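Asker: Take a look at the following structure, please.
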Amino acid sequence: TTHSWDFMGLSSEETMEIPGFSTKNQVNVIIGFIDTGIWPESPSFSDVDMPPVPAGWKGECQSGEAFNVSTCNRKVIGARYYLSGYEAEEDSLEMVSYRSPRDSNGHGSHTASTAAGRYVADMNYKGLAAGGARGGSPMSRIAVYKTCWDSGCYDVDLLAAFDDAIRDGVHVLSLSLGPEAPQGEYFTDAISVGSFHAASHGVVVVSSAGNEGQQGSATNLAPWLLTVAASSTDRDFTSDIMLGNGAKIVGESLSLMDMETSTRIISASEAFAGYFTPYQSSFCLESSLNRTKARGRVLICRHAESSTESKLQKSVVVKEAGGAGMILVDEADKDVAIPFVIPAAMVGRRTGNLILSYVNRTRKPTSRIFSAKTVIGSRQAPRIASFSSKGPNGLTPQILKPDVTAPGLNILAAWSPAASKKDFNILSGTSMAAPHITGIVALIKSVHPSWSPSAIKSAIMTTATVRNKHRQPITVDPEGRRGNAFDYGAGFVSPTRVLEPGLIYDASPADYKAFLCSIGYNEKSLRLITRDNSTCQEQTFAAPSDLNYPSIAVPSLNNTYTVTRTLTNVGYAKNIYRAVVYPPRGINVTVEPSRIVFDRYGQKISFRVNFQVAAPPQGYAFGFLTWRNRKSRVTMPLVAQVT
Amino acid sequence: SISSSKVYVVYMGSRDNGDDPDEILKLNHLMLASIHQGSIEKAQDSHLYSYVHGFRGFAAKLTHDQASQMAKMPGVVSVFPNVKRKLH
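Taken in order, these protein sequences are the chains called A and B.
Numbering of the first sequence is given in our numbering, commencing with residue 15 and proceeding in unit increments.
Numbering of the second sequence is given in our numbering, commencing with residue 2 and proceeding in unit increments.
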């Protein structure tokens, strides 16, 4: 990507990713991508100056269509593909392109290069987003598990990918996909099942939260996953719209087409055709526009769906009707830049109403739409993307999800030229946010190879920030409301701090067994899952809130409730921390002890967090607990709802 | 029954370190044969994939009734349909 890593504070040089730290061991970190495959010839996946494949790697380069054993290199060290589950369900097998790990879709190349792409100088998208492109851990190795095809990815294939990845020896797994909300139980969901076993083998599994936007829509909810929400950077792709009255309006677009002159602007509802009502035509649906009325005009269209494809399609519909340009009104996704096929831009509802007001009050309203350009720093950032799926956790509300947020809006990264004739593309989604965290996980792993998946997750979460670059609270698009832990989990990742978290909340596979008991799995099921002599009686906690997670969620607070957490010292041997609490509104929170003294590295000390209702708030309330000393701040979100 | 069958994942928990992948595959076929009136041929026809490295389980084409039978077999944690996931 060309801007997101600088925005997060990483050095722009490939060899020094986190200022002040040597992360040269990232060549020993292998990241598996369960996705649509890879375009290995992309400069992002060059193996120049990379040492031989790490010892112990058991993966393979599976040959297939336009892909053979020698297609892999010292960067892309493994590549497999899976079709059994897909073939068993889909009729349109002739539509499958590249029966091999080669990426015909682009998504897999985009995610892999975001996390681990090599530095590529002077990259851009048709002149936009220009700069040096790089992944978060550019010297890490890539192993590809192609399970996803244009129509989606099936559980049978996803599980096969997890099964192989565990055997191959990957250290990190990145998944930018998921179920429709609501998600099924943990052990009837392929991603939860596969990631449970991956985490049990020490693999960090990073997943995207989903793009449904609404409260409670977050997916990939298992506590052994690191679930990522999407946020903006401070970069926009704007297109100026000049109205005939001299007003200049700014929209979002990736269209590089300019209108040479001003032309009449009408609401698309005025151009209704055939059996369509004006209301239906206002959405610029296929065949809904009358060519005579639309020809040469700028059309104002409305939007009701969330997909990029449907927005792009509206510009195709307007173009086919002879329209000269389009203004798309979409409140929810107004910040998502779309490569429209005509001069066009997207605006929010308020701006759309301003334009419509001008059109309705003017005898011959005109407008002109200009080519998109790159703008940096015009707005506060990061902001949570409107489409990013939100908490609470619909399956286990005692586990806060999503865990953290990272850039996922208008991200430029490598692409498959087989999908569209370009090597780099700009995309938005939690798909783009997850690999940013994957890259950071790889950096942490390169410096702290012995840290467990939950320790790495803790380091990322406890060092995240809930303030934007202007030190103001992070807000949520489109309405600009103040964000909370259901939007961003612990906050926006701070890669410059993750290597020295000071303290971590660690959890072992045994803790996840206890977690399963606490949510109702009986001993028989537990022993089947773990194939050992685990018993629920021997487990150390009773409620899911007791899992040593780097956040605390109490969804049914009735007068008082106490949660225990355990800190592990990973900073200097002798360290003293004191607790600072920002309690959720209407709830008193005390911490016992409130001062903790460590005298050795690796020492574990437990503390209790007591919640007591003072003035019952409506719905969920949000706060923080920070352990502070002169050098470190170790923060976890507190979420509570009074019943 | 073949026409009404769908693809299911039969999930069987962790893998023991000593498990031999060939033995696991044989066991999967035997489990499938038991719900196909002992027919190994039908079992092989319905079998799609076996998971043998990081955990145990397999994928097979089953009717709803066969999936219910399978869920009650010893060693089976869960049986769930082959759901499609979306890229985010």
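All C-beta atoms, glycine included, are put in the ideal place defined by N, C-alpha and C.
Model, not experiment: these values are computed from the prediction.
Can you list, in chain order, the residues of its chain whose CB lies under 8 Å from that of G600(A), leaving out five sequence neighbours each side?
Answerer: The residue you call residue 600(A) lines up with position 586 of the first sequence. So the qualifying residues of the chain are V627, A628, A629, P630, P631, A635 and V656.
Asker: According to DSSP, which residues form a beta bridge with Y634(A)?
Answerer: Against the first sequence, residue 634(A) aligns to sequence position 620. Looking at the DSSP assignment, Y634(A) forms a beta bridge with Q655(A).
Asker: For the alpha helix (DSSP H) containing D46(B), list its first residue and its last residue.
Answerer: Here residue 46(B) refers to the residue found at position 45 of the second sequence. It spans I41 to S47 - the alpha helix (DSSP H) in which D46(B) sits, taken as one unbroken run.
Asker: With a Cβ-Cβ cutoff of 8 Å, do K325(A) and I352(A) count as a contact?
Answerer: As a working note, residue 325(A) is residue 311 in the first sequence. As a working note, residue 352(A) is residue 338 in the first sequence. The answer is yes: Cβ separation under 8 Å.
Asker: I'd like to know whether the C-beta of S5(B) is nearer than 8 Å to at least one C-beta of chain A.
Answerer: Here the question's residue 5(B) lines up with position 4 in the second sequence. Output row for S5(B): interface = no.
Asker: According to DSSP, is Q626(A) part of a helix, a strand, or is it coil?
Answerer: Translated into the one-based positions of the first sequence, residue 626(A) becomes position 612. Q626(A): strand per DSSP, three-state reduction.
Asker: Contact criterion: CB-CB distance below 8 Å. Does G55(B) meet it with respect to chain A?
Answerer: As a working mapping, residue 55(B) is identified with position 54 in the second sequence. It does; some Cβ of chain A falls within 8 Å.
Asker: Check the Cβ of N29(B) against every Cβ in chain A and list those closer than 7 Å, keeping chain order.
Answerer: Locating residue 29(B) in the second sequence gives position 28, counting from the first residue. By Cβ distance, chain A contributes nothing, its closest Cβ being about 13 Å from N29(B), past 7 Å.
Asker: Does V207(A) have its Cβ less than 8 Å from a Cβ in chain B?
Answerer: Along the first sequence, one-based indexing puts residue 207(A) at 193. At least one chain B Cβ lies under 8 Å of V207(A).
Asker: Using a cut-off of 7 Å between C-beta atoms, extract the partners of H89(B) located in chain A.
Answerer: In the second sequence, residue 89(B) corresponds to position 88, counting from 1. Those within 7 Å of H89(B) in chain A are S190, L191, G192, S222, G224, N225, G443, T444 and S445.
Asker: Return the bridge partner residues of G46(A) from the DSSP annotation.
Answerer: Start at 1 with the first residue of the first sequence, and residue 46(A) comes out as number 32. Partner(s): A157(A) and L187(A).
Asker: Answer with buried or exposed for I41(B), where buried requires no fewer than 16 other C-beta atoms within 10 angstroms of its C-beta.
Answerer: In the second sequence, residue 41(B) corresponds to position 40, counting from 1. The residue is exposed, with fewer than 16 neighbouring Cβ atoms inside 10 Å.
Asker: Name the DSSP beta bridge partners of E606(A), please?
Answerer: For the purposes of this step, residue 606(A) is taken as residue 592 along the first sequence, with counting starting at 1. Looking at the DSSP assignment, E606(A) forms a beta bridge with R622(A).
Asker: Could you tell me the distance, in whole angstroms, from the CA atom of N643(A) to the CA atom of R397(A)?
Answerer: Translated into the one-based positions of the first sequence, residue 643(A) becomes position 629. Translated into the one-based positions of the first sequence, residue 397(A) becomes position 383. Going by the C-alpha atoms only, they are around 29 Å apart.
Asker: Please go through the same chain and pick out, in chain order, the residues whose beta-carbon is closer than 6 Å to the beta-carbon of V648(A), but skip the five residues on each side of it.
Answerer: As a working mapping, residue 648(A) is identified with position 634 in the first sequence. Excluding positions up to five away in sequence, the list reads T476, G516, L517 and W641.
Asker: Taking Cβ to Cβ, would you say G453(A) is nearer than 8 Å to G149(A)?
Answerer: Numbered from its first residue, the first sequence carries residue 453(A) at position 439. Numbered from its first residue, the first sequence carries residue 149(A) at position 135. A contact, by the Cβ cut-off of 8 Å.
Asker: Measure the CB-CB distance between A478(A) and F506(A) and report whether it falls below 8 Å.
Answerer: Taking the first sequence and counting its residues from 1, the one referred to as residue 478(A) is at position 464. Taking the first sequence and counting its residues from 1, the one referred to as residue 506(A) is at position 492. Closer than 8 Å, so yes.
Asker: Which of the three DSSP states, helix, strand or coil, is assigned to F210(A)?
Answerer: Counting from one through the first sequence, the residue named residue 210(A) turns up at place 196. Helix at F210(A).
Asker: Hey, V43(A) and S209(A): beta-carbon distance below 8 Å or not?
Answerer: Counting from 1 along the first sequence, the entry for residue 43(A) is found at position 29. Counting from 1 along the first sequence, the entry for residue 209(A) is found at position 195. No; because the gap between Cβ atoms is not below 8 Å, this pair is not in contact.
Asker: To the nearest angstrom, how far is it from the Cα of G405(A) to the Cα of A232(A)?
Answerer: Here residue 405(A) corresponds to residue number 391 of the first sequence, with the count starting at 1. Here residue 232(A) corresponds to residue number 218 of the first sequence, with the count starting at 1. So the alpha carbons of these two residues sit roughly 6 Å apart.
Asker: Tell me, please, whether the CB atom of D17(B) is closer than 8 Å to any CB atom in chain E?
Answerer: No chain E appears in this structure, whose protein chains are A and B.
Asker: To the nearest angstrom, how far is the alpha carbon of D182(A) from that of A223(A)?
Answerer: For the purposes of this step, residue 182(A) is identified with residue 168 of the first sequence, where counting begins at 1. For the purposes of this step, residue 223(A) is identified with residue 209 of the first sequence, where counting begins at 1. Spanning the two alpha carbons is a distance of roughly 26 Å.
Asker: Could you list the residues in the region 102 to 116 of chain A with a C-beta less than 8 Å from some C-beta on chain B, going in chain order?
Answerer: Correct list: A102 and E103.
Asker: Kindly say whether Y168(A), judged by its beta-carbon, lies nearer than 8 Å to any beta-carbon of chain B.
Answerer: Here residue 168(A) refers to the residue found at position 154 when the first sequence is read from its first residue. It does; some Cβ of chain B falls within 8 Å.
Asker: Is the beta carbon of A346(A) less than 8 Å from the beta carbon of S320(A)?
Answerer: Residue mapping note: residue 346(A) aligns to position 332 of the first sequence, counting from 1. Residue mapping note: residue 320(A) aligns to position 306 of the first sequence, counting from 1. Contact flag set, yes.
Asker: Going by DSSP, which residues form a beta bridge with D250(A)?
Answerer: Residue 250(A) sits at position 236 when you count from the first residue of the first sequence. Its beta-bridge partners are V389(A).
Asker: Going by Cα to Cα distance, which pick from P564(A), L530(A), V568(A) and S565(A) is closest to Q551(A)?
Answerer: Stepping through the first sequence from its first residue, residue 551(A) is reached at position 537. Looking at the Cα atoms, L530(A) is the closest of the given residues.
Asker: So P492(A) and S400(A) are in contact, right, with Cβ under 8 Å, and what is the actual spacing, rounded?
Answerer: If you number the first sequence from 1, residue 492(A) lands on position 478. If you number the first sequence from 1, residue 400(A) lands on position 386. With a Cβ gap of about 5 Å, P492(A) and S400(A) count as contacting.
Asker: Is S47(B) close to chain A? Criterion is C-beta to C-beta, closer than 8 Å.
Answerer: Looking up residue 47(B) in the second sequence gives position 46. Chain A contact via Cβ: absent.
Asker: Taking the C-alpha atoms as reference points, what is the distance between N367(A) and R278(A)?
Answerer: On the first sequence, residue 367(A) is found 353 positions in, with the first residue counted as 1. On the first sequence, residue 278(A) is found 264 positions in, with the first residue counted as 1. Each residue's alpha carbon lies about 17 Å from the other.
Asker: Could you pull the start and end residues of the beta strand (DSSP E) that M64(A) belongs to?
Answerer: In the first sequence, residue 64(A) corresponds to position 50, counting from 1. That residue, M64(A), is in no beta strand (DSSP E); it is neither H nor E in DSSP.
Asker: Within 10 angstroms of the Cβ of A212(A), are there 16 or more other Cβ atoms? Answer buried if so, exposed if not.
Answerer: Locating residue 212(A) in the first sequence gives position 198, counting from the first residue. Counting Cβ neighbours within 10 Å, A212(A) comes out buried, since at least 16 surround it.
Asker: Which runs of the beta strand (DSSP E), 3 residues or longer, sit entirely within the region 64 to 88 of chain B?
Answerer: DSSP runs (the beta strand (DSSP E)) wholly in the region 64 to 88 of chain B: 79 to 82 and 85 to 88.
Asker: When you compare only the Cα positions, how much space is there between S188(A) and F35(A)?
Answerer: Within the first sequence, the letter at position 174 stands for residue 188(A). Within the first sequence, the letter at position 21 stands for residue 35(A). Their Cα atoms are separated by approximately 24 Å.
Asker: Where does D136(A) sit, in a helix, a strand or coil, going by DSSP?
Answerer: By one-based count along the first sequence, residue 136(A) stands at place 122. Of the three classes helix, strand and coil, the one that applies to D136(A) here is strand, per DSSP.
Asker: List the endpoints of the continuous beta strand (DSSP E) containing R278(A).
Answerer: The sequence position of residue 278(A) within the first sequence is 264, counting from 1. Taken as a continuous stretch (DSSP letters only), the beta strand (DSSP E) holding R278(A) covers T277 to S281.
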